[in-house]
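Heads up: the sequence lines are chains A and B, in that order.
Read the first sequence against this note's numbering and you will find it ends at 250, with the numbers running on by one and no gaps.
Read the second sequence against this note's numbering and you will find it ends at 220, with the numbers running on by one and no gaps.
Everything on this sheet refers to the single structure shown next.
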Amino acid sequence: MISYHPDSRYLTDFATANLPLAEAVCVSAHLEFCGKCRAHVQQLTDVGGHMFARLQPEAVSEDSFAALMARVSAGAQEQAPVVTVQTPREELDETTQSHVFLPRAVRRLVSGSLDKLRWVQLGKALRVAPLQVSDESRDTAIYDIRAGGRMPEHEHRGEEITVLLQGSFSDADGSYSRGDFVVRHAGESHQPTATMDKDCICLVCLERPVRPRGLLYRLLEPLVNYRLQRLNRSVA
Amino acid sequence: MTSSDDSTAGSLRKALAGAGPLGAPDPWEAAIRKVAQHQDRAEFKKLFDHYAPMIKAFLSKGISSYADRSLAEEMTQEVMLKVWNKADSFNPAKASVNTWIFTIARNTRIDFIRRNGRADRTIDIEDIWHEADSPEPVVELQQRRVETMIRNAMATLPEEQALVLEKAFMESKSHNEIAEELALPLGTVKSRIRLALSKLQILIDR
Ligand SMILES: [Zn+2]
Chain A
15 MISYHPDSRY LTDFATANLP LAEAVCVSAH LEFCGKCRAH VQQLTDVGGH
65 MFARLQPEAV SEDSFAALMA RVSAGAQEQA PVVTVQTPRE ELDETTQSHV
115 FLPRAVRRLV SGSLDKLRWV QLGKALRVAP LQVSDESRDT AIYDIRAGGR
165 MPEHEHRGEE ITVLLQGSFS DADGSYSRGD FVVRHAGESH QPTATMDKDC
215 ICLVCLERPV RPRGLLYRLL EPLVNYRLQR LNRSVA
Chain B
15 MTSSDDSTAG SLRKALAGAG PLGAPDPWEA AIRKVAQHQD RAEFKKLFDH
65 YAPMIKAFLS KGISSYADRS LAEEMTQEVM LKVWNKADSF NPAKASVNTW
115 IFTIARNTRI DFIRRNGRAD RTIDIEDIWH EADSPEPVVE LQQRRVETMI
165 RNAMATLPEE QALVLEKAFM ESKSHNEIAE ELALPLGTVK SRIRLALSKL
215 QILIDR
């Protein structure tokens, strides 16, 4: 049961294709789990179609159609058979022997397999793999929290979107399960704990701090800060 | 996906929206079908004459600020080429012709902006903005397809609400960009858009 959905800003900016790419990946992933939001996006796209059909037309140049058909003819001659790369919709998680469903955008970003990612282990409970999305304002990663594992409490300097791909976790504000789209704003802090039965795999998109730093550092920064704070506290 | 859920939705949509005001079917659906099945160039010419000027108008709104107008012409051709190539993937149960061509123009525009900005492309636009072939069925909202509702309600929107919709959907601006341009708080832009959408019977919880 999905309880957390993108709000009207995310859905509208997605339907008009005005969302930063990394956030659009998160919304796209949620849509594959959520028929309700998918229906909303269809409705919003219909609004676009309606307004589009009522635009004041702008004449195209006279030879435009002929030029287009020349391209069509040229294309038909050299047309190679379309090769569609079939990446599996699910893959076997080797540690848990369970199938993980990956939404299309995520499947593409991880090149089909979670195991081939560059994982960075952070303590016993958490490993993180950064993903490459050409988006200058956000960092994207897959988080894998061990079943029953607890992340250190951390605070965000920017907005954070989490889409749960497998398993579930909870924090002080609620519990979240597969497909949920969870937004944490700058300044909010939380301490997610994965439920006992399953590893929790999440797609995470973090707004970048104003001062740029290394990619991996930025992804881990909330956790690193936590450790530093603890350290300072114990020294003081 | 051709589940029974979808075909029901399709006939519902046709009853609500695919048909014109007098119940006439959308004439452009047949044209797309002929292009898909017979590579019918005469029908494609009709589609081109009708849609290319609208596509150009849409793209001009989105790119006027940073590029010259010949670009809109070039991209219009790109969109119509995709209409030709993808005609067989058009599914009248999922979208009207207007909506389908709008999404192709929208994707072409964003794809162009991206390619211009950066060379590395780790993910295709089509991997993000796709008709999800997900096992989760689309929920039947009270009015899943809202074109009739849109047609009737759009004209009655207060000007400030019509304006933000115009900026979001036709000028391709995000909530943030609209807020900046109109010097309004983000929350005001969001509530205006949400209010406008609710009048079109698009009822988003938050
Ligand atoms: Zn949803």
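Just so it is clear, CB atoms sit at the ideal spot from N, CA and C, and this is done for glycine as well.
Alpha-carbon spacing of residue i relative to residue j, whole angstroms
| i | j | result |
| --- | --- | --- |
| residue 210 of chain A | residue 151 of chain A | 34 Å |
| residue 35 of chain A | residue 215 of chain A | 21 Å |
| residue 59 of chain A | residue 137 of chain A | 44 Å |
| residue 25 of chain A | residue 31 of chain A | 10 Å |
| residue 72 of chain B | residue 37 of chain A | 24 Å |
| residue 121 of chain A | residue 127 of chain A | 7 Å |
| residue 212 of chain B | residue 135 of chain A | 46 Å |
| residue 132 of chain A | residue 80 of chain A | 50 Å |
| residue 127 of chain B | residue 186 of chain A | 41 Å |
| residue 138 of chain B | residue 117 of chain B | 15 Å |
| residue 55 of chain A | residue 28 of chain A | 8 Å |
| residue 77 of chain A | residue 86 of chain B | 15 Å |
| residue 49 of chain A | residue 118 of chain A | 15 Å |
| residue 39 of chain A | residue 142 of chain B | 6 Å |
| residue 100 of chain B | residue 55 of chain B | 14 Å |
| residue 167 of chain B | residue 204 of chain B | 19 Å |
| residue 89 of chain A | residue 65 of chain B | 22 Å |
| residue 208 of chain A | residue 148 of chain A | 30 Å |
| residue 217 of chain B | residue 83 of chain A | 43 Å |
| residue 171 of chain B | residue 202 of chain B | 16 Å |
| residue 102 of chain B | residue 33 of chain A | 29 Å |
| residue 66 of chain A | residue 46 of chain B | 18 Å |
| residue 183 of chain A | residue 172 of chain A | 21 Å |
Chain-ordered neighbours of residue i on chain A, where CB pairs are closer than 7 Å
| i | result |
| --- | --- |
| residue 144 of chain B | 118 |
| residue 124 of chain B | 31 |
| residue 183 of chain B | 30, 61, 62, 65 |
| residue 110 of chain B | 63 |
Supposed close pair residue i, residue j - CB separation, criterion 8 Å
| i | j | result |
| --- | --- | --- |
| residue 90 of chain B | residue 74 of chain A | 6 Å |
| residue 64 of chain A | residue 165 of chain B | 7 Å |
| residue 178 of chain A | residue 153 of chain A | Going by Cβ atoms, the distance from residue 178 of chain A to residue 153 of chain A rounds to 18 Å, so no, they are not a contact pair. |
| residue 202 of chain A | residue 170 of chain A | 6 Å |
| residue 22 of chain A | residue 208 of chain B | 5 Å |
| residue 124 of chain A | residue 145 of chain A | 7 Å |
| residue 49 of chain B | residue 58 of chain B | 5 Å |
Chain-ordered chain B contacts of residue i [CB-CB under 7 Å]
| i | result |
| --- | --- |
| residue 205 of chain A | Going along chain B, no residue has its Cβ under 7 Å from residue 205 of chain A, so there is no contact; the nearest lies around 24 Å. |
| residue 152 of chain A | Here the premise fails: no neighbours, minimum Cβ distance about 13 Å. |
| residue 15 of chain A | None at all; the shortest Cβ gap to chain B is about 12 Å. |
| residue 147 of chain A | 136, 137 |
| residue 270 of chain A | The question about residue 270 of chain A has no answer, for chain A in this structure spans 15 to 250. |
| residue 54 of chain A | 216, 218 |
Under 8 Å from the C-beta of residue i: neighbouring residues of chain B
| i | result |
| --- | --- |
| residue 19 of chain A | 219, 220 |
Chain A residues whose Cβ lies nearer than 8 Å to that of residue i
| i | result |
| --- | --- |
| residue 175 of chain B | Within 8 Å Cβ-Cβ: nothing; residue 175 of chain B doesn't reach chain A, min ~12 Å. |
| residue 71 of chain B | 69, 70, 71, 72 |
| residue 87 of chain B | 74, 75, 78 |
Beta-carbon neighbours of residue i, restricted to chain A and to distances below 9 Å
| i | result |
| --- | --- |
| residue 121 of chain B | 31 |
| residue 165 of chain B | 64 |
| residue 51 of chain B | Within chain A, no residue comes near residue 51 of chain B; the closest Cβ sits about 16 Å away, beyond 9 Å. |
Cβ-heavy atom distance, residue i to ligand 2, below 7 Å
| i | result |
| --- | --- |
| residue 60 of chain B | This structure does not include ligand 2; its bound ligands are ligand 1. |
Is there contact between the segment 42-51 of chain A and the segment 85-95 of chain B, where contact requires at least three CB pairs shorter than 8 Å? The answer is no - the segment 85-95 of chain B does not touch the segment 42-51 of chain A, with fewer than three Cβ pairs under 8 Å.
Can you list, in chain order, the stretches of the beta strand (DSSP E) that have 3 or more residues and sit fully within the segment 143-214 of chain A? 152-159, 174-180, 183-185, 188-190, 195-198
The segment 175-188 of chain B in contact with the segment 153-163 of chain A per 3-pair CB rule at 8 Å: no
Taking only runs of the alpha helix (DSSP H) that begin and end inside the segment 88-137 of chain B, which ones reach a length of at least 4 residues, in chain order? Taken in chain order, the complete alpha helix (DSSP H) segments of 4 or more residues contained in the segment 88-137 of chain B are 111-131.
Please specify which runs of the beta strand (DSSP E), each continuous and at least 3 residues long, are wholly inside the segment 58-89 of chain A, giving them in chain order. none
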